[in-house]
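Novice: Okay, handing you the structure first.
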Amino acid sequence: MRGRGDSVVSIQTLTKSFSTGVTALQDIDLEIAPGEFISLIGPSGCGKSTLLRVIGDLVEPTSGTLRVNGKTAHQARVDHDYGIVFQDAVLYDWRTVQRNVSLPLELLGWDRAKRKERVREMLELVELTGFESSRPWQLSGGMQQRVSIARALSFDPALLLMDEPFGALDEMTRERLNMELLRIWEKSGSTVVFVTHSIPEAVFLSTRVVVMSARPGRIAATIDVDLRQPRGGETREDARFFELVTEVREALAAGHGEAAGGRSSSVEELF
Amino acid sequence: MDWVPAVVVFLVGIGLWQGLTTLFDVETFLLPKPSEIAQAFWEDKATLWDYGLYTFKEAAGGFVLGSSLGILTALVLARFRTVGLALMPFAVAANAVPIIAFAPITNNWFGLLNPFSKMAIAAVLCFFPVMVNTLRGLTSVNPRAIELMRSYAAGNASVFRHVRIPSSLPFMFTGLKVAAVLSMIGAIVGEYFGGPTNALGVSILNDTQLFNFPRAWAGIALASAFGIAFYGAVALAERLTTSWHPSTRGFRGE
């Protein structure tokens, strides 16, 4: 089912060491099939953000192979296969909401009419119709993050990379955005790699949870999440949901990530 | 109405000045009364205004020259790190040069009566604050914003155009506001070492030598007024071009 040929992301024995001598990632093997929602979870310093960055060609791996849609990560980036959402929405203050969403389209050379139509669709998708001309700082944190998601999806990337996108939001906003993200994911059919610190969030969203352990960062366990789709508020009360949460927690403890935590390999690993 | 307190302080200050100089009978050559200064200005307003305008033109010329060079240099330094590392020490050293000492030299280079000799002084003064602030703005961009542009496979030119330059504007304007005030000072300093008689700096110098202190003070006040107006104009341009920035919303104190 997850054959190498049709994987969106295919990683074999990938290692990443920093010049400081820290091994952020060691012998990572991971296959991600089209349409999957993968969460990377682990303690600070386990290299989950680094792995996301390696996949997105923002960081070069030291050794091992990485293919995205059968191409090198660099080629995938040049082909606009990545939509990225960071913890901070990273909206450009000098652009209105709609011009933030249309920036990647401008860079892709889309004409004005086509851009306008797509921006309208995307803002509808993230339920921000009516905020086209607002400035980013006029929006709440959750709304800003929705703009960021709309922007990342605007050019239909094959892969959506999300680095703790809801980590800075309050619990209620976070749960609401979790639901919205699932809805968007179902609608857009994109493949998602999602970095998080939250076990319930990982279980609720994912088709598969990849549990990582620290120093050196490696994959401790992979847990299939067989919760029924589509998921909703009642999913969180499902007995199976709690079983899976426990399973992930135990996998994290077995990787004794908590104990080995301590010093993190890079600043962005610090939450 | 947030300008009201400042105006009140200004008027109270002038009132105290007038009152105390009258009360203690301070000699005019030490400190003229505001009324004497105002009178001196009024009697000679057309001439002084022309002098001020001439000096302001020198200042504005130097401002444009120095600021453009500063912005251009910042762009080059931000784009080419090695060039930046090679040139930055010299830029810092140039800023340490006592510019007053340079005034007689630029007068010698370009000619006492050539306004360019004063523009050069003003330009040198303007260059550094604009360059340093703009460079700061161009380089202190959220690294995530750059990564995002990279993920769109955007080239360096796009990164500059869409991210670095817009986010540097508030920093650049900080430099430009400092430069606006400095340019007027630079022009006056240049004129102190000789210039045409219709320049404000020359007029102030002559008035002090003729013991016409109220008129000298009037000249100084006019020079300050031009400097403040220039600052205000740049601040207005900032308000218009960076209305999106946090510093231009909410509390409007500069």
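As you go down the protein sequences, you meet chains X and W in turn.
Going letter by letter, the first sequence gives residues 138 to 408 in this note's numbering.
Going letter by letter, the second sequence gives residues -13 to 240 in this note's numbering.
From the three backbone atoms N, C-alpha and C, an ideal C-beta is built for every residue, glycine too.
(1) Kindly indicate which three-state DSSP category residue 1 of chain W falls into: helix, strand or coil?
(2) Using a beta-carbon distance below 9 Å, is residue 272 of chain X in contact with chain W?
(3) With which residues is residue 159 of chain X paired in a DSSP beta bridge?
(4) Give me the subset of the region 240 to 264 of chain X whose CB atoms are less than 9 Å from a CB atom of chain W, sorted by chain position.
(5) Which whole-angstrom value is the C-beta distance of residue 174 of chain X and residue 343 of chain X, which I expect to be below 8 Å?
(6) Contact criterion: CB-CB distance below 9 Å. Does residue 191 of chain X meet it with respect to chain W?
(7) Determine the chain W residues that contact residue 227 of chain X at a beta-carbon separation under 7 Å, and present them in chain order.
(8) Quick one: Cα of residue 172 of chain W to Cα of residue 22 of chain W, how far?
(9) Do you know whose CA, among W:32, W:118, W:116, W:7, lies nearest residue 20 of chain W's CA?
(10) Quick one: which residues of the region 198 to 216 of chain X get their C-beta closer than 7 Å to a C-beta of chain W? List them in chain order.
(11) With 16 other CB atoms within 10 Å as the buried threshold, where does residue 10 of chain W fall?
(12) What separation, rounded to the nearest whole angstrom, lies between the Cα atoms of residue 122 of chain W and residue 5 of chain W?
(13) For residue 62 of chain W, which residues from the same chain have a beta carbon less than 7 Å from its beta carbon, with the 5 sequence-adjacent residues on both sides left out?
(14) What three-state label does DSSP hand residue 236 of chain X in the structure shown?
(15) What I want to know is whether the C-beta of residue 300 of chain X ends up closer than 8 Å to one or more non-hydrogen atoms of the ligand PLP.
(16) Going by alpha carbons, who is nearest to residue 222 of chain X out of X:352, X:255, X:201, X:304?
(17) Span of the alpha helix (DSSP H) holding residue 149 of chain X?
(18) To the nearest whole angstrom, what separates the beta carbons of residue 40 of chain W and residue 143 of chain W, a pair I think is in contact under 8 Å?
(19) Checking contacts by CB at 9 Å: is residue 160 of chain W closer than that to chain X?
(20) With 9 Å as the threshold, decide whether the Cβ of residue 140 of chain W is near any Cβ in chain X.
(21) Candidates X:216, X:225, X:195, X:260: which alpha carbon is nearest residue 236 of chain X's?
(22) Under a three-way DSSP split, which group does residue 166 of chain X fall into?
(23) What does the Cβ neighbour count give for residue 214 of chain W, buried or exposed, with the cut at 16 atoms within 10 Å?
(24) Residue 295 of chain X and residue 218 of chain X look like a contact to me (Cβ under 8 Å); what is the Cβ gap, rounded to whole Å?
(25) Against chain W, with Cβ distances strictly below 9 Å, would residue 407 of chain X count as a contact?
(26) Would you call residue 153 of chain X buried or exposed, if buried means 16 or more other Cβ atoms sit within 10 Å of its Cβ?
(27) Among W:151, W:118, W:141, W:206, which has the Cα closest to the Cα of residue 165 of chain W?
(28) Can a CB atom of chain X be found closer than 9 Å to the CB of residue 230 of chain W?
(29) Whole angstroms are fine: how far does the CA of residue 53 of chain W sit from the CA of residue 184 of chain X?
(30) In the structure shown, what three-state DSSP assignment does residue 292 of chain X receive?
(31) Span of the alpha helix (DSSP H) holding residue 392 of chain X?
(32) If you compare alpha carbons, which of W:202, W:160, W:194 is closest to residue 222 of chain W?
(33) What in chain C is Cβ-close to residue 200 of chain W, meaning under 8 Å?
(34) Per DSSP, what are the beta-bridge partners of residue 178 of chain W in this structure?
(35) Could you compute how far the alpha carbon of residue 363 of chain X sits from the alpha carbon of residue 378 of chain X?
(36) By a C-beta neighbour count over all protein chains shown, 10 Å radius and 16 as the cutoff for buried, is residue 407 of chain X buried or exposed?
Specialist: In this structure, then:
(1) Working through the second sequence from its first residue, we reach residue 1 of chain W at position 15. If DSSP states are grouped into helix, strand and coil, residue 1 of chain W belongs with the helices.
(2) Taking the first sequence and counting its residues from 1, one reaches residue 272 of chain X at position 135. Chain W, which has a Cβ nearer than 9 Å to the Cβ of residue 272 of chain X, makes this yes.
(3) Here residue 159 of chain X is taken as the residue at index 22 of the first sequence, counted from 1. DSSP, once it has assigned bridges, lists no residue as partnering residue 159 of chain X.
(4) 240, 241, 243, 244, 245
(5) Within the first sequence, residue 174 of chain X is the residue found at index 37, counting from 1. Within the first sequence, residue 343 of chain X is the residue found at index 206, counting from 1. That belief holds up - the Cβ atoms of residue 174 of chain X and residue 343 of chain X are roughly 5 Å apart, short of 8 Å.
(6) Translated into the one-based positions of the first sequence, residue 191 of chain X becomes position 54. It does not: the Cβ of residue 191 of chain X has no partner Cβ on chain W nearer than 9 Å.
(7) For this step, residue 227 of chain X is matched to residue 90 along the first sequence. Here the neighbours are 128, 130, 131, 134.
(8) For the purposes of this step, residue 172 of chain W is taken as residue 186 along the second sequence, with counting starting at 1. For the purposes of this step, residue 22 of chain W is taken as residue 36 along the second sequence, with counting starting at 1. Near 27 Å, if we compare the C-alpha coordinates of residue 22 of chain W and residue 172 of chain W.
(9) On the second sequence, residue 20 of chain W is found 34 positions in, with the first residue counted as 1. Answer by Cα proximity: W:7.
(10) 214, 215
(11) Counting from 1 along the second sequence, the entry for residue 10 of chain W is found at position 24. With fewer than 16 other Cβ atoms within 10 Å, it is exposed.
(12) Taking the first residue of the second sequence as 1, we reach residue 122 of chain W at position 136. Taking the first residue of the second sequence as 1, we reach residue 5 of chain W at position 19. One C-alpha to the other measures close to 47 Å.
(13) The residue you call residue 62 of chain W lines up with position 76 of the second sequence. Only 69 meet the Cβ criterion.
(14) Locating residue 236 of chain X in the first sequence gives position 99, counting from the first residue. Three-state DSSP puts residue 236 of chain X in a helix.
(15) What this structure holds is no ligand at all, so the ligand PLP is not there to describe.
(16) Numbered from 1 along the first sequence, position 85 holds the residue referred to as residue 222 of chain X. Nearest C-alpha to residue 222 of chain X: X:304.
(17) Locating residue 149 of chain X in the first sequence gives position 12, where the first residue counts as 1. For residue 149 of chain X, no alpha helix (DSSP H) encloses it; the enclosing beta strand (DSSP E) starts and ends at 146 to 154.
(18) One-based indexing of the second sequence puts residue 40 of chain W at position 54. One-based indexing of the second sequence puts residue 143 of chain W at position 157. Their Cβ separation, rounded to whole angstroms, is 42 Å, which puts residue 40 of chain W and residue 143 of chain W out of contact at 8 Å.
(19) Taking the second sequence and counting its residues from 1, the one referred to as residue 160 of chain W is at position 174. Residue 160 of chain W does not count as touching chain X.
(20) The residue you call residue 140 of chain W lines up with position 154 of the second sequence. With a threshold of 9 Å between beta carbons, residue 140 of chain W makes contact with chain X.
(21) On the first sequence, position 99 is the one that residue 236 of chain X refers to. The candidate whose alpha carbon is nearest that of residue 236 of chain X is X:260.
(22) Taking the first sequence and counting its residues from 1, one reaches residue 166 of chain X at position 29. DSSP places residue 166 of chain X in strand when its eight states are reduced to three.
(23) Within the second sequence, numbered from 1, the residue matching residue 214 of chain W stands at position 228. Looking at its Cβ environment, which holds fewer than 16 other Cβ atoms inside 10 Å, residue 214 of chain W is exposed.
(24) Here residue 295 of chain X is taken as the residue at index 158 of the first sequence, counted from 1. Here residue 218 of chain X is taken as the residue at index 81 of the first sequence, counted from 1. About 4 Å separates the two Cβ atoms, so the contact holds.
(25) Taking the first residue of the first sequence as position 1, residue 407 of chain X is located at position 270. Caution is warranted here: a pLDDT of 40 is assigned to residue 407 of chain X, below 50, making its placement in the model unreliable, and the coordinate value is therefore given only provisionally. Residue 407 of chain X does not count as touching chain W.
(26) Mapped onto the first sequence, residue 153 of chain X falls at position 16. So residue 153 of chain X counts as buried.
(27) Translated into positions along the second sequence, residue 165 of chain W becomes position 179. Comparing Cα-Cα distances from residue 165 of chain W to each of W:151, W:118, W:141, W:206, the minimum goes to W:118.
(28) On the second sequence, position 244 is the one that residue 230 of chain W refers to. Chain X contact via Cβ: present.
(29) Position 47 of the first sequence, counted from the start, is the residue given in the question as residue 184 of chain X. Position 67 of the second sequence, counted from the start, is the residue given in the question as residue 53 of chain W. Each residue's Cα considered, the two are about 45 Å apart.
(30) As a position in the first sequence, residue 292 of chain X is number 155, starting the count at 1. Per DSSP, reduced to three states, the secondary structure at residue 292 of chain X is coil, with no helix or strand assignment.
(31) Locating residue 392 of chain X in the first sequence gives position 255, counting from the first residue. No alpha helix (DSSP H) contains residue 392 of chain X, which DSSP labels as neither H nor E.
(32) As a working mapping, residue 222 of chain W is identified with position 236 in the second sequence. With distances taken between Cα atoms, residue 222 of chain W lies closest to W:160.
(33) Chain labels in this structure do not include chain C; the protein chains are X and W.
(34) Residue mapping note: residue 178 of chain W aligns to position 192 of the second sequence, counting from 1. Note: residue 178 of chain W sits in no beta bridge, so no partner.
(35) Mapped onto the first sequence, residue 363 of chain X falls at position 226. Mapped onto the first sequence, residue 378 of chain X falls at position 241. Between residue 363 of chain X and residue 378 of chain X, the C-alpha separation is close to 9 Å.
(36) Indexing the first sequence from 1 puts residue 407 of chain X at position 270. Residue confidence is low: residue 407 of chain X scores 40 on pLDDT, short of 50, so the model does not pin down where it sits. Its coordinate-derived value is still stated next. Burial call: exposed.
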